[in-house]
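K.L.:
Here this note's numbering is used: the first residue of the sequence shown is 1474, the next is one more, and so on. Have a look at this one before I ask anything.
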Amino acid sequence: MQFIHIDKYKLSLEQYGSEFILITSLEQKNLIPVSEAIYKAKLNFTEEVIGTDDEICLKLRSPFDKISIKQLESIQLDKRSQPNKYILPVHFNDHQDWRAIEDFSSKSREEIIDELITTNLTFHMHGFLPGFLYISGLPEYLHCPRKATPSKRVEAGTIAIGGPYLGLYSCSSPGGWYSIGRCPLIVFDPSQEPPTSLQHGDTVLLESVSKEAYHTHIDSKLDSDHYG
């Protein structure tokens, strides 16, 4: 095990064979900003960067050596003074999952929607699928455990609740989160670099829209309003 600094983060490195490096924090700090900075740096020895709150896994393209460590330690984190703000239009439909959410939270669908559209949420990280968004800031009463039996298909654009997070499925897939509505915007475009403009810490606001308004927004690009 080795120890390094990236910006103000004190980190440990553990190598697994010639293929992977696992990075963890010595101070229990959120590592998402570090993983984003490593990804943006496009280091020649990394093939893939997989980041979570607690760990960063680097899949190696070439041998990891002293030069690699110097490259890591030279990385500077994004010094944005203020977050961007994104508004996600959501058609809160009548999906059958609402019943389970209401039973778990002891709140009505209308009460939950009212709170969701008046809460400043935060983009947390990308998830287990390309373009899946983890959004934090849900009230604790909505921290629903994931489904015991996942749904076989969740449509692209679905907004759902799983654990402490609100999630957005950018592509259709099986899923174990509780669906509450649909967002018509394109938030992830793999043909672009980066494929999404959202960054860790950005503010996300939900806007309730009708079914008709939902259809007028389909295939629109996600845009932001910067604070300040």
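For each residue, glycine too, the CB sits at the ideal point set by N, CA and C.
#1: In angstroms with no decimal places, state the Cα-to-Cα distance between Ile1479 and Phe1518.
#2: Rounding to the nearest angstrom, what Cα-Cα distance links His1688 and Gln1488 in this structure?
#3: Going by beta carbon distance, what residues of the same chain come within less than 6 Å of Ile1523, once the five residues before and after it are set aside?
#4: Can you tell me whether DSSP reads Lys1481 as helix, strand or coil?
#5: If we require 3 or more residues per run, which beta strand (DSSP E) segments fall completely within the segment 1504-1564?
#6: Assign Met1474 to one of two classes, buried (16 or more other C-beta atoms within 10 Å of its C-beta) or exposed (fewer than that).
#7: I'd like to confirm the pairing. Which residues does DSSP put opposite His1599 in its beta bridges?
#8: What are the boundary residues of the beta strand (DSSP E) that includes Ile1632?
#9: According to DSSP, is Ile1586 part of a helix, a strand, or is it coil?
#10: Taking the straight line between their C-alpha atoms, what separation do you get for Ile1691 and Asp1675?
#11: Leaving out five residues before and five after Ala1514 in sequence, what residues of the same chain have Cβ atoms less than 7 Å from its Cβ?
#12: What did DSSP end up calling Glu1666 once you bin it into helix, strand or coil?
#13: When the Cα atoms are used, what is the spatial distance from Ser1683 to Lys1481?
#14: Is it right to say Gly1701 is buried, meaning 16 or more other beta carbons lie within 10 angstroms of its own, or is it exposed?
#15: So what's Ser1645 in DSSP terms, helix, strand or just coil?
#16: Please classify His1699 as buried or exposed, where buried requires at least 16 neighbouring CB atoms within 10 angstroms.
#17: Pull up the distance between the alpha-carbon of His1564 and that of Ile1590, whole angstroms please.
#18: For Arg1619, is the classification buried or exposed, using 16 other Cβ atoms within 10 angstroms of its Cβ as the cut-off for buried?
#19: Under the three-state reduction of DSSP, which class applies to His1699: helix, strand or coil?
#20: Using beta-carbon positions only, say whether Ser1645 and Val1627 come within less than 8 Å of one another.
#21: Run the CB neighbour count on Ala1781, radius 10 Å, all protein chains shown included, and call it buried at 16 or more, exposed below.
#22: How would you write the range of the alpha helix (DSSP H) that Arg1619 sits in, first residue to last?
#23: Measuring only the C-alpha atoms, how far is Phe1476 from Gly1490?
#24: Looking at the structure shown, is Ser1681 part of a helix, part of a strand, or coil, going by DSSP?
P.N.:
Inspection of the coordinates gives the following:
#1: Here residue 1479 refers to the residue found at position 6 of the sequence shown. Here residue 1518 refers to the residue found at position 45 of the sequence shown. Their backbone Cα atoms lie some 17 Å apart in a straight line.
#2: On the sequence shown, residue 1688 is found 215 positions in, with the first residue counted as 1. On the sequence shown, residue 1488 is found 15 positions in, with the first residue counted as 1. Using only the alpha carbons, I get a separation of about 49 Å.
#3: For the purposes of this step, residue 1523 is identified with residue 50 of the sequence shown, where counting begins at 1. Same-chain partners within the cutoff: Cys1530.
#4: Within the sequence shown, numbered from 1, the residue matching residue 1481 stands at position 8. Residue state, collapsed to three classes: coil.
#5: 1519-1524, 1528-1533, 1557-1563
#6: The residue given as residue 1474 occupies position 1 in the sequence shown. Exposed: under 16 other Cβ atoms inside 10 Å.
#7: Start at 1 with the first residue of the sequence shown, and residue 1599 comes out as number 126. The partner list for His1599 (beta bridge, DSSP) reads Leu1606.
#8: Within the sequence shown, the letter at position 159 stands for residue 1632. Element bounds for Ile1632: 1631-1635.
#9: Taking the sequence shown and counting its residues from 1, the one referred to as residue 1586 is at position 113. If DSSP states are grouped into helix, strand and coil, Ile1586 belongs with the helices.
#10: Here residue 1691 refers to the residue found at position 218 of the sequence shown. Here residue 1675 refers to the residue found at position 202 of the sequence shown. When rounded, the distance between both Cα atoms is 23 Å.
#11: In the sequence shown, counting from the first residue as 1, residue 1514 sits at position 41. Excluding sequence neighbours, Ala1514 sits near Ile1548.
#12: Indexing the sequence shown from 1 puts residue 1666 at position 193. The answer is coil: DSSP assigns Glu1666 none of H, G, I, E or B.
#13: Indexing the sequence shown from 1 puts residue 1683 at position 210. Indexing the sequence shown from 1 puts residue 1481 at position 8. Near 46 Å, if we compare the C-alpha coordinates of Lys1481 and Ser1683.
#14: Start at 1 with the first residue of the sequence shown, and residue 1701 comes out as number 228. Annotation note: pLDDT 35 at Gly1701 (below 50); position unreliable, no value reported.
#15: Taking the sequence shown and counting its residues from 1, the one referred to as residue 1645 is at position 172. The answer is coil: DSSP assigns Ser1645 none of H, G, I, E or B.
#16: On the sequence shown, residue 1699 is found 226 positions in, with the first residue counted as 1. At His1699 the pLDDT is 46, less than 50, meaning the model places this residue with poor confidence; the figure from the coordinates comes in the next sentence. Flag for His1699 reads exposed.
#17: Against the sequence shown, residue 1564 aligns to sequence position 91. Against the sequence shown, residue 1590 aligns to sequence position 117. So the two alpha carbons sit approximately 12 Å from each other.
#18: Counting from 1 along the sequence shown, the entry for residue 1619 is found at position 146. So Arg1619 ends up on the exposed side.
#19: Counting from 1 along the sequence shown, the entry for residue 1699 is found at position 226. Only weak support exists for where His1699 lies, its pLDDT of 46 falling under 50; the coordinates are left without a value.
#20: The count along the sequence shown starts at 1 and reaches residue 1645 at position 172. The count along the sequence shown starts at 1 and reaches residue 1627 at position 154. Contact flag set, yes.
#21: The structure shown does not extend to residue 1781, since the chain is modelled only from 1474 through 1701, so no value can be given for it.
#22: Working through the sequence shown from its first residue, we reach residue 1619 at position 146. Per DSSP, Arg1619 belongs to no alpha helix (DSSP H) and is neither H nor E.
#23: In the sequence shown, counting from the first residue as 1, residue 1476 sits at position 3. In the sequence shown, counting from the first residue as 1, residue 1490 sits at position 17. So the two alpha carbons sit approximately 18 Å from each other.
#24: For this step, residue 1681 is matched to residue 208 along the sequence shown. Strand.
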